[in-house]
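Structure first, commentary second.
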C-alpha cells in the first residue's frame, strides 16, 4: 500500500498524491533539494528494480539535460524541474512528447489568447508567443525509456523556467529564454507543479490507450511552427505544415512533402512567421 509523501511546505506533494493515486495505484512523490538529473535518478532506480510510479521533484539540478544532450539550466526557485516515471505499454510511442506538451500548455495557460500564449514547438519545447513580442523558450520535455525482462519504463522529464534564468553568454540560444511569471506573475514553482502533474498523469494514461491522434487538433491550436519557413538539422528547408496523427512533422520541401520523425532531427524557424512553400 502506498502512502502520501512527507511534504516540506510549500510543495504540494500530498495534494498531488491525493489527486493521482486513485487512478495510478502505488503512486508516490518525492522532493530532493538537489540531484544531478531527475531523469537520471529515476532511471538508476529502475535499473535497481524500482518500477513504482514516481514523481521526483528537484529544487535544483546540477546536470539537467534536454533533448540531444543539451544542458538545461536550473536554479532553486527560478525553475521547476521534475520527472514522472512509470510503467507504460502504449500501442505506439510516437507523439508522446507532443501530448505531454499539450497537457503542460493547457494546464499553465488554460485561457488561450492569441495576444499572449504558450505555444508548442515541435517536438519538445514550450514557447511564450503571441502579439508582436519576441518568442521565448519557456519549458522543455525530455522523454526516455528503458526495458528490462520485458518491462518498459518511461521517464518524462520536464523543466520550466519560473523566473528569470541566467544563461551563460557562450551558450546563448537562437530563441532567448522566457519564464512563466511573464505570463502568470503570481505563479511559483510549487503552484505550477500542482497545476500540471494531475492532468499530466491523465494525459499519459490516455496516450497509452489511444495514442497521439486525440491530441492532434489541440497541438495544432498552439503549433509554433505551422505555416512557417523552417530549417532542419539534416540540411533540408521548407514550410512546416503541422503534424500527422502519429505526431510526425510534415514539411513542404522542393521535392515534396517530407514526414519527419523526432529521432535525432532538430528544427528551427527561419526568418518570417509565414512561408511561401518550397525550398528557401
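Numbering (my numbering), first residue to last: 23 to 302. Where a beta carbon is used, it is the ideal one built from N, C-alpha and C, also for glycine.
Asked, Found
"Beta strand (DSSP E) runs contained entirely in the stretch 137–188, provided each spans 3 or more residues", "139–143, 147–151, 158–170 and 173–183"
"Residue 40, buried or exposed, once every other Cβ within 10 Å from all chains shown has been counted against 16", "exposed"
"Environment of residue 244 [buried if 16+ CB atoms lie within 10 Å]", "buried"
"Given residue 185 as reference, the closest of 164, 212 and 170 once Cα atoms are compared", "212"
"Rounded distance between the beta-carbons of residue 159 and residue 199, thought under 8 Å", "5 Å"
"Buried or exposed by the 16-neighbour rule on C-beta atoms within 10 Å, applied to residue 91", "Legend: pLDDT at residue 91 = 49, less than 50; position of this residue unreliable, value from coordinates given subsequently. Exposed, by the Cβ-count rule."
"Presumed contact (8 Å Cβ cut-off) between residue 247 and residue 144, rounded CB distance", "6 Å"
"Cβ separation of residue 217 and residue 252, assumed to be a contact under 8 Å, to the nearest whole Å", "With a Cβ gap of about 31 Å, residue 217 and residue 252 do not count as contacting."
"Burial state of residue 208, where buried means 16 or more other Cβ atoms lie within 10 Å", "exposed"
"Close-in-space but distant-in-sequence residues of the same chain around residue 63 (CB under 7 Å, 5 per side omitted)", "57 and 78"
"Segment limits, alpha helix (DSSP H) that includes residue 220", "211–232"
"Simplified DSSP assignment, three categories, for residue 236", "helix"
"Bridge-paired residues (DSSP) for residue 272", "281"
"Residue 82 - DSSP class collapsed to helix/strand/coil", "coil"
"Buried or exposed by the 16-neighbour rule on C-beta atoms within 10 Å, applied to residue 223", "buried"
"CB contact flag (residue 178, residue 161, <9 Å)", "no"
"C-beta atoms of residue 156 and residue 225 nearer than 9 Å", "no"
"Residue 241 (DSSP reduced to helix, strand or coil)", "helix"
"First through last residue of the alpha helix (DSSP H) which encompasses residue 71", "No alpha helix (DSSP H) holds residue 71; DSSP gives it neither H nor E."
"Proximity to residue 303 [Cα-Cα], best of 269, 268, 267 and 263", "Since the first residue of the chain shown is 23 and the last is 302, residue 303 is not available in this structure."
"Boundaries (first-last residue) of the alpha helix (DSSP H) holding residue 38", "35–42"
"Cβ neighbours of residue 269 in the same chain (closer than 6 Å, five flanking residues each side left out)", "116, 117, 120 and 234"
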